[in-house]
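Contents: one structure, followed by commentary.
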Amino acid sequence: TPTRGQIPYILYFSNPQDSESQASSKTMVEAQARRSTLTLAGAIVSRSAELLALARERAEEVTAADVLGSACMVTTLLPLMLAHISPLATSDPRSGVQVLSLIQELLPHVSALNLLGCGMGQSVCSVESVSCLDNGHSTTSHHYVWVESDHPYKPASVSNYRVVFPESVKWVCVEFSPECGTAQAEDSLQLYIPAAGPAAPATSPAVPIEDSIPYYPVLHRLSNVPAQWPQSAVVLPGNEVIFSL
């Protein structure tokens with residue numbers, strides 16, 4: 159116990175590992191982390207593929223939305239896994255090949271369900287018949303909209319900006335300007351897409367999210383940290399997006 163006028167101090171030293179051993183240990187840890195991540199991703203994809211196959215089998219009894227809409231594996235876990243596994247696929251070529259094979263496992267089921275949802279799976283058409291393809295199910299035209307909040311936006315409040323495109327639109331591409339951001343760290347922007355079913359007309363009155371059909375959050379909450387905002391375009395299914403600030 160030090161007395162008045164004394165300054166306590168501790169002498170210590172560190173014996174760092176040699177650089178080769180440290181690099182080898184780091185490589186082993188990273189390899190194990192990649193293997194664990196790919197194993198977990200494979201399990202999620204495998205179970206999701208089983209659910210998608212079940213939805214295809216019961217397509218004549220119930221719609222795919224009824225089967226998959228209540229499955230958290232498909233609505234939450236699978237999208238989050240695919241959204242966060244991209245750094246692994248881009249940083250390690252071998253892992254990237256495995257990630258692509260996992261996605262390839264899901265594509266046949268997703269394509270079949272999309273065709274069934276458009277009503278194309280129940281129509282049998284010959285090679286010579288071209289009119290059997292309903293052009294109303296898809297579009298090649300472009301629709302644009304610019305969403306911008308008030309400057310400054312109202313504090314201590316929630317503002318919802320709803321974007322609805324024509325029903326012929328099946329996918330929405332969202333890009334964020336480099337100037338995007340919130341004024342405070344506790345403020346955030348969350349994107350939502352409808353669970354299933356056609357969107358209401360764009361001229362309908364604004365309805366709070368909790369009072370309408372179920373909406374699922376996509377991406378993570380975006381605040382005043384520039385690194386949180388997507389640097390590239392984000393592709394979302396459907397023709398409706400809600401920006402909740």
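When you read off a place in the sequence shown, starting at 1, and then add 158, the result is the number in this note's numbering.
All C-beta atoms in this analysis are idealised placements derived from N, C-alpha and C, irrespective of residue type, glycine included.
Inter-residue Cα distance where the pair is residue 347 and residue 261: Their Cα atoms are separated by approximately 29 Å.
Below 8 Å on the Cβ atoms is my contact criterion, and I expect residue 332 with residue 383 to pass it. Report the Cβ-Cβ distance as a whole number of Å. Rounded, the Cβ-Cβ distance is 18 Å, inconsistent with contact.
Just to confirm my understanding: we take residue 201, look at its own chain, exclude 5 residues before and 5 after, and list those with CB closer than 8 Å. What are they? Exclusion of the five residues before and after residue 201 leaves no residue of its chain whose Cβ lies closer than 8 Å to its Cβ.
Once the 5 residues before and after residue 259 are set aside, which same chain residues still bring their CB inside 6 Å of it? Excluding its 5 nearest sequence neighbours in each direction, residue 259 has no C-beta neighbour in its own chain below 6 Å.
Residue 311 classed as buried or exposed, judged by whether at least 16 other C-beta atoms fall within 10 angstroms: Taking all protein chains shown into account, residue 311 has fewer than 16 neighbouring C-beta atoms within 10 Å of its C-beta and is therefore exposed.
According to DSSP, what are the bridge partners of residue 348? Residue 348 is bridged to 402.
Pull up the distance between the alpha-carbon of residue 336 and that of residue 305, whole angstroms please. Rounded to whole angstroms, residue 336 to residue 305 spans 14 Å at the Cα level.
Nearest to residue 403 (by Cα), restricted to the options 309, 392 and 322: Checked all of 309, 392 and 322; the closest Cα to residue 403 is 309.
Any alpha helix (DSSP H) of 4 or more consecutive residues that is wholly inside the region 194 to 235: Fully enclosed alpha helix (DSSP H) runs of 4 or longer: 222 to 226.
Give the single residue among 190, 241 and 207 whose Cα lies nearest to the Cα of residue 390. Ranking 190, 241 and 207 by Cα distance to residue 390 puts 241 first.
Is it right to say residue 349 is buried, meaning 16 or more other beta carbons lie within 10 angstroms of its own, or is it exposed? Its Cβ being crowded by 16 or more others within 10 Å, residue 349 is buried.
Would you mind reading off the limits of the alpha helix (DSSP H) that contains residue 245? Start and end: 244 to 249.
Residue 272 by DSSP, collapsed to three states: which one? DSSP places residue 272 in the helix class (H, G or I) of the three-state scheme.
Assuming residue 318 is part of the beta strand (DSSP E), what are its boundary residues? Annotation for residue 318: the continuous beta strand (DSSP E) segment containing it runs 318 to 322.
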